[in-house]
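Be aware that the first sequence starts at 2, since it is given in the numbering used here, and climbs by one per residue.
Virtual Cβ for every residue (Gly too), placed ideally from N, Cα, C.
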Amino acid sequence: MRLRRIRRAELPSDPVELARFLIGTFLVLEGDEGRVSGRIVETEAYLVGDAAAHSFNGPTKRNRSLFLEHGHAYVYFVYGNWYCMNVSAEAEGIGAGVLLRALEPIEGIELMRRRRRHAKPTLLASGPGCLATAMGIDRRLDGIDLCAPGKFWLGVTKDLGMRMPIGNSTRIGLTKEAHRKLRFYLRGSPSLSGARKLNA
DNA sequence: TGCACGATAATCT
DNA sequence: GATTATCGTGCAA
């Protein structure tokens, strides 16, 4: 599969549009242990003025990457055990992001399997914490420009723009703003997280 | 104190 | 097989 780096001008600078756009694109990390990549199949948008968004209360040391120009990585540590990542989703200075929740492993499946132990191949990166573990994403990647030359980037194939069956549901694991339907997923993907009825 | 989580166990169909 | 309950873990507010 031939992947090329995405250009920032191709990325929507609106969280909902970006969340939809990223479905079917690829996340690539050329790490010390090898290259891993996967097709993004599940995302969630976190908006300006959204009480569930990490950026809601303004920039802090932790969340400042959310305020970078769209297309940068925001990596954070949660629940004492896992990392999760967002793609920043607005103009510089505006805090919003798209959480990457699941991807279908493409390259480096053996490496992902080692990191994740016993998971089934399709489920190696099913869930935001699993995704980061399988890919080998950690704090060192926070703030990286995913559109710039480097080892961590967003890729697309020739069929960028092909229509895909994208589903929409409520976001997972929230108490605030739980009713908003800001989760997007590739219908029929075997790698989705979340309850069955959310993936209809 | 409360999480943008995940694994295991318990409790269903 | 599928959904629901519980709990550990470290850090920011």
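Three-state class that DSSP yields for residue i in the structure shown
i	result
Arg40	strand
Val17	helix
Leu125	coil
Phe57	coil
Glu93	coil
Met113	helix
Leu28	strand
Extent of the continuous beta strand (DSSP E) run through residue i
i	result
Leu104	Gly98 to Glu108
Ala74	Ala74 to Val79
Glu34	Run containing Glu34: none; DSSP gives neither H nor E here.
Per DSSP, cross-strand counterpart(s) of residue i
i	result
Asp51	Paired residues: none, contrary to the question.
Asp146	His73
Ala46	Val99
Arg5	Val157
Asn210	The structure shown does not extend to residue 210, since the chain is modelled only from 2 through 201, so no value can be given for it.
Leu187	Ile167
Rounded distance between the beta-carbons of residue j and residue i, thought under 8 Å
i	j	result
Ile107	Phe27	7 Å
Ala126	Ser192	7 Å
Leu142	Ile24	Incorrect: roughly 21 Å between the Cβ atoms, too far for contact.
Leu67	Gly98	5 Å
Ser194	Glu45	Ser194 to Glu45, Cβ: 11 Å. No contact.
Val37	Gly109	3 Å
Leu101	Leu132	6 Å
Alpha helix (DSSP H) segment containing residue i, residue limits
i	result
Met136	Pro129 to Met136
Contained beta strand (DSSP E) runs [length at least 3] in the region 158-185, N- to C-terminal order: 167-170
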